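No gaps in the numbering here: position 67 of the sequence shown is 66 in numbering that gives the first Met the number 0, and each next residue is one more.
C-beta: ideal position from N, C-alpha, C; glycine also.
Predicted, not measured: the structure shown is a model, and the values here were computed from it.
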Amino acid sequence: MATGLRQPNTDGRSLLERRGELRAIDASLARLCAPDDGVPRGRRGGVLAFTGSGGLGKTTLLGQVRARAAAQGCTILSARGGENEQELGFRVVRQLLQPSLAVLDGPARRSFLGSWYDILATALGLEASGATPAPDPAGVRDGLDWVMTQLVMCRAPVVVLLDDMHWADGESLGWLASFAPRTETLPLLLVVACRPEEPQSGTEALHVLVDGQSERPHELAPLSEAAVARIVRNQVGEGAEDRFCAECWAVTGGSPFEAVELALRLGQAGLRGTGDELAAMRDLASAVKGPGLLRRLRRLGSTTVRFAWAAAVLGTPAPPDLAAAVAVIGSEDAAAATERLRAARILAADRGGRGVEFVHPLIATAVYRDIPAGLRTGLHNAAAEIVGSAGLGPTAAARHLLEVPREGRPGAVACLREAGREYLRAGAPEAARRVLVRALQEPPPAEERAAILHELGMSTFLIDPAATVRHLREALAEPDVDPDLRASIAFRLAQALAHTDQVAEAAAVVEEEVRRAANPRVRLRMQADHFVWSAFRTDEPDPRARSRRLARLAAKLPGRGLEERYILGLRAWDALVRGEPRDTVLDRAEESLRGGLSWADENRGFEVPVSVALVFMYSDQPGRSEELFAQGIAECERKGWRGSHLALAHALFGYIRYRRGLLTEAETMVREGLRIADRVDGALPAQWFAVGILAQTLLARGRTADARRLVDEYHYSEVVPNAVIYPDPRTVHAELLLAEGRPEAAVRPLGEVGARLEERAWHNPAWCPWRLHLATALAPSDPDRAVRVAREAVALARDFGAASVIGQALRVEAEVTGGPVALGLYAEAVEFLEQSPAAYELARALVGHGAALSRSGRVQEAADRLYQGLERAVHCGAEKLAVRARAELSAAGLRPLPLRYGQTGTLTTRERTAAELTAQGDPVPVVAKELGLTEQGVRQVLSSVYRKLGTDSAGLPRALRNTPRPQD
Numbered sequence: 000m001a002t003g004l005r006q007p008n009t010d011g012r013s014l015l016e017r018r019g020e021l022r023a024i025d026a027s028l029a030r031l032c033a034p035d036d037g038v039p040r041g042r043r044g045g046v047l048a049f050t051g052s053g054g055l056g057k058t059t060l061l062g063q064v065r066a067r068a069a070a071q072g073c074t075i076l077s078a079r080g081g082e083n084e085q086e087l088g089f090r091v092v093r094q095l096l097q098p099s100l101a102v103l104d105g106p107a108r109r110s111f112l113g114s115w116y117d118i119l120a121t122a123l124g125l126e127a128s129g130a131t132p133a134p135d136p137a138g139v140r141d142g143l144d145w146v147m148t149q150l151v152m153c154r155a156p157v158v159v160l161l162d163d164m165h166w167a168d169g170e171s172l173g174w175l176a177s178f179a180p181r182t183e184t185l186p187l188l189l190v191v192a193c194r195p196e197e198p199q200s201g202t203e204a205l206h207v208l209v210d211g212q213s214e215r216p217h218e219l220a221p222l223s224e225a226a227v228a229r230i231v232r233n234q235v236g237e238g239a240e241d242r243f244c245a246e247c248w249a250v251t252g253g254s255p256f257e258a259v260e261l262a263l264r265l266g267q268a269g270l271r272g273t274g275d276e277l278a279a280m281r282d283l284a285s286a287v288k289g290p291g292l293l294r295r296l297r298r299l300g301s302t303t304v305r306f307a308w309a310a311a312v313l314g315t316p317a318p319p320d321l322a323a324a325v326a327v328i329g330s331e332d333a334a335a336a337t338e339r340l341r342a343a344r345i346l347a348a349d350r351g352g353r354g355v356e357f358v359h360p361l362i363a364t365a366v367y368r369d370i371p372a373g374l375r376t377g378l379h380n381a382a383a384e385i386v387g388s389a390g391l392g393p394t395a396a397a398r399h400l401l402e403v404p405r406e407g408r409p410g411a412v413a414c415l416r417e418a419g420r421e422y423l424r425a426g427a428p429e430a431a432r433r434v435l436v437r438a439l440q441e442p443p444p445a446e447e448r449a450a451i452l453h454e455l456g457m458s459t460f461l462i463d464p465a466a467t468v469r470h471l472r473e474a475l476a477e478p479d480v481d482p483d484l485r486a487s488i489a490f491r492l493a494q495a496l497a498h499t500d501q502v503a504e505a506a507a508v509v510e511e512e513v514r515r516a517a518n519p520r521v522r523l524r525m526q527a528d529h530f531v532w533s534a535f536r537t538d539e540p541d542p543r544a545r546s547r548r549l550a551r552l553a554a555k556l557p558g559r560g561l562e563e564r565y566i567l568g569l570r571a572w573d574a575l576v577r578g579e580p581r582d583t584v585l586d587r588a589e590e591s592l593r594g595g596l597s598w599a600d601e602n603r604g605f606e607v608p609v610s611v612a613l614v615f616m617y618s619d620q621p622g623r624s625e626e627l628f629a630q631g632i633a634e635c636e637r638k639g640w641r642g643s644h645l646a647l648a649h650a651l652f653g654y655i656r657y658r659r660g661l662l663t664e665a666e667t668m669v670r671e672g673l674r675i676a677d678r679v680d681g682a683l684p685a686q687w688f689a690v691g692i693l694a695q696t697l698l699a700r701g702r703t704a705d706a707r708r709l710v711d712e713y714h715y716s717e718v719v720p721n722a723v724i725y726p727d728p729r730t731v732h733a734e735l736l737l738a739e740g741r742p743e744a745a746v747r748p749l750g751e752v753g754a755r756l757e758e759r760a761w762h763n764p765a766w767c768p769w770r771l772h773l774a775t776a777l778a779p780s781d782p783d784r785a786v787r788v789a790r791e792a793v794a795l796a797r798d799f800g801a802a803s804v805i806g807q808a809l810r811v812e813a814e815v816t817g818g819p820v821a822l823g824l825y826a827e828a829v830e831f832l833e834q835s836p837a838a839y840e841l842a843r844a845l846v847g848h849g850a851a852l853s854r855s856g857r858v859q860e861a862a863d864r865l866y867q868g869l870e871r872a873v874h875c876g877a878e879k880l881a882v883r884a885r886a887e888l889s890a891a892g893l894r895p896l897p898l899r900y901g902q903t904g905t906l907t908t909r910e911r912t913a914a915e916l917t918a919q920g921d922p923v924p925v926v927a928k929e930l931g932l933t934e935q936g937v938r939q940v941l942s943s944v945y946r947k948l949g950t951d952s953a954g955l956p957r958a959l960r961n962t963p964r965p966q967d
């Protein structure tokens, strides 16, 4: 099956001096189409590239690929770049994929694309439904990856022919370059042809596509004198003289296209290739291209010339009726002009009603550039109106408006703005930027200027945040801006400033808008934004006063409107980091969620919804956090936000798993977040989050060297952001220093972190455990101070009230205290941690307690703790902790026992019963009597419940409602 553009073939004869290229074609097709012979080894494709100047036969080679692939039963898709169509975002993608989608009716097409339909509809030129989201480029690329992969698997083996890729649009080139490595593991062969000397857009992506693959591109050389002689003699006869043929080679430069065209004209003129015909041969050669070609065109008449010009302006293949309309000639004249141009080998022969095409892009370029400048402008102007009236869409019309003078026409501005919106819906922000810049240059009516600047700022947000800042500051300076529009401008400006690490400036922008706002709703929204950026800047001048204002405002709000819920969510976060009682924190968080908080509201941002979700993690209800994160990630994916938003979401989801002690899963998720961040421009904050979380996870797993390599690779220890990042980068680096046995190097940075956080009254050790690490760092050199610092942390943890951080702090106090006193502290730490979902911290406390008991000669008690700690360490994926537990068992003369239970997230019948009794308020003695267990047995059963459900006792009722009953 073959779909897409047909590749012109300049000659039906066998190719000369292209044996190496033909062997490469055959070898690639052999790999692609090799039979499995009953062995499921799978077919493999790759990228095959041909490069060379215009006229060297790249298109003809693609024609050979087409013929040979079709003979072997391959599905063929094809597309071609156009010199004057590079501004049309996703033009090449549409050529590739639209024919395959066009054979499906509407419902079948929707069924095939599934959840990707609304994300990809605009990029693919399909009819969108309702309010189509504005996906980010990463989301569109992921969707195109999926579509192409599905098509390949349905129609394998597949050959994709990509001609003139030096003229492809940047959006299509970017996707093709990112997708190309996948062809190595798919039954898909990409065959690319381009001129390396003149890439116009997407230069880097073209380089990756052509030069960045496993097989080097094939550079085409001009034909030798002997090859040109063979082409000439094929047309004029074997009697052509060597001197004549040598001169033909000299005037054509060995270009296959020019040699074939010249030979055809020699045959038509009846020349026989003698020395006295050299002058006539040179006259015919001059008509193949350049001035001679243009003189030949003019001899066909003015009507034919106008038709050729119109086709060149529209780009090929050009619909004949539109070309006639642009040329201002009738249909009969257009048909006659077409025939004359085909007879003169300027236009190619009819290819089944696909429109008029030039024989070769070199001819199209020569014709276009020959149009007088003023007339070319007029033709583009006419083309914009005609294309728009023909229903081909605003982007097709806007392409022509980019070529006409600025005349202040409202219709042109409206078309360019609509094209900008369509490009944003297509995930093509660079294309949107081009047309919106042009709309400003028209210029627009004064009352539209702020709105266009806002749209322009939206288009550059992901590709040039600094430009977004400039555009939106200019928009705010416009007079009489609509209040709602002004609020949106201020929000996006603050977001752009924050994403470029200018958080103080972001806070200042919205603070000014709070003072200006007359509408109470707009003012409350600006207050919420001001609280957001103030809370997340590291240099906030008076954070305590801001916390007091936030608390007073939140206390007055019922939480009915979205702005009010944002305020309540911010209040929950602020109460968390300050270390206020956990119940207060959770109450505010639940209030903020009662009407819903969208993660994908373009005018709100997702900082507050993410913060609210993390409140539950820090408050010993990570299962609730995961539920909110799963909903938020799904919302982002539905909208096509698969760049920095998704990177941060995956990293923080991994952080939740880390806090639960699911270290293997945490590492996988955080690495995925880091992978996404690495491929997205401007995702530096997401990288910082991901690197810190991954480093902590690796340290928990005992892979200190891996953590060091990660930190060094990303220069993480040098990170001093102006925005709040968590886990705190300097605290994570200090944790790494401790793991490397360098406690003295960790003391100073931890002290500086503490001073900064204390100034802000951010006391909660659950949010930043700097005191715990400082106590550990001080223990070798200043044990008394270490104990004091650890006790301060324990007191603050008790003030907050989450069992996990209380247990963690007690464990550290036990470690730095030592001696008999430590035994009681360890026991209390275990008791608290058994009431939490923090499995890794419980394993650490159990192993530490077991080791201390062993050193006190209480071997039997030590054995129980060490066995439990070993079991939990293994299930957490904490390899180094498991090694320590085994070593402690061996030192006590004990052997590790087989693991007593498998790692599963499903509650047993006994666990479900214990959980339900606890959820309804029954104390441990009552539960023990009901189950026939000891009280310690009940505590261990409940500890397993908390670990599996990701909650403590306070969150049990909700968690149980969402958990299926075990099957008996």
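Cβ contact annotation for E589 (same chain, cutoff 6 angstroms, sequence separation greater than five): none. In the DSSP annotation of this structure, the continuous segment of the beta strand (DSSP E) that includes T50 starts and ends at G45 to T50. Residue pairing of S77 in beta bridges, as defined by DSSP: L160. The C-alpha of L613 lies about 14 angstroms from the C-alpha of I632. Excluding its 5 nearest sequence neighbours in each direction, V786 has C-beta neighbours in its own chain below 6 angstroms: V815 and T816, listed in chain order. Your pair I118 and G142 checks out as a contact, with CB atoms roughly 5 angstroms apart and the cut at 8 angstroms.
Take L100, set aside five residues on each side of it, and the residues of its chain with a beta-carbon closer than 6 angstroms to its own are R108, in chain order. In the same chain as I488, and ignoring 5 residues on each side of it, the C-beta atoms closer than 6 angstroms to its own belong to H453, L471, A474 and L475, in chain order.
Every alpha helix (DSSP H) stretch that sits fully inside the region 549 to 596 and reaches 4 residues is listed by chain position as 561 to 577 and 581 to 592. Look at H848 here: in three-state DSSP terms it is helix. By the Cβ-count criterion, M152 is exposed, with fewer than 16 other Cβ atoms from all chains shown falling within 10 Å of its own Cβ. If the five residues before and after V746 are omitted, its C-beta is found closer than 6 angstroms to the C-beta atoms of A776, all from its own chain and listed in chain order. Within the region 175 to 221, the complete beta strand (DSSP E) segments of 3 residues or longer fall at 187 to 193, listed in chain order. Along the length of the region 288 to 358, whole beta strand (DSSP E) runs at least 3 residues long do not occur.
A225 has its alpha-carbon roughly 19 angstroms from the corresponding atom of E276.
Excluding residues up to 5 positions away in sequence, A317, A322 and V355 lie with their Cβ nearer than 7 angstroms to the Cβ of A310 in the same chain. Below 8 angstroms, enough C-beta pairs join the region 634 to 654 and the region 132 to 141 to call them touching: three or more. Ranked by Cα distance from L222, the first of D282, G56, L160 and E562 is G56. Taking a C-beta distance under 7 angstroms as the contact criterion, L845 and R864 qualify as a contact pair. When C-alpha distances from Q939 are compared across D210, A365, V923 and E477, the shortest belongs to V923.
Nearest Cα to A192 within the set F178, E20, A326 and G72: E20.
Of the candidates E429, D479 and E446, the residue whose Cα lies closest to the Cα of A466 is E429. Contiguous alpha helix (DSSP H) elements confined to the region 81 to 125 occur at 90 to 101, 105 to 112 and 116 to 119, taking only those with 4 or more residues.
The three-state reading of DSSP puts R536 in strand, counting E and B together. A722 is bridged by DSSP to R536. For S27, the closest C-alpha among the options L809, L561 and G44 is that of G44.
Counting along the chain, the unbroken alpha helix (DSSP H) around V690 starts and ends at L683 to A699. For L647, the enclosing alpha helix (DSSP H) covers residues S643 to R659. Assignment of W598 by DSSP, reduced to helix, strand and coil, places it in the coil class.
Burial check for L735: the Cβ neighbour count within 10 Å reaches 16 or more, so the residue is buried. Taking the C-beta atoms as reference points, R536 is found no nearer than 7 angstroms to G949.
The beta carbon of E626 sits closer than 8 angstroms to those of N961, all from its chain and outside the five residues before and after it, given in chain order. Contact between the region 63 to 80 and the region 205 to 224 is absent, with fewer than three C-beta pairs closer than 8 angstroms.
Fewer than three Cβ pairs drawn from the region 708 to 718 and the region 523 to 539 lie within less than 8 angstroms of each other, which leaves the two stretches out of contact. Around the beta carbon of L592, a 10 Å sphere encloses 16 or more other beta carbons of the protein chains shown; the residue is thus reported as buried. A Cβ-Cβ separation of about 5 angstroms places V412 in contact with E441 under the 8 angstroms criterion.
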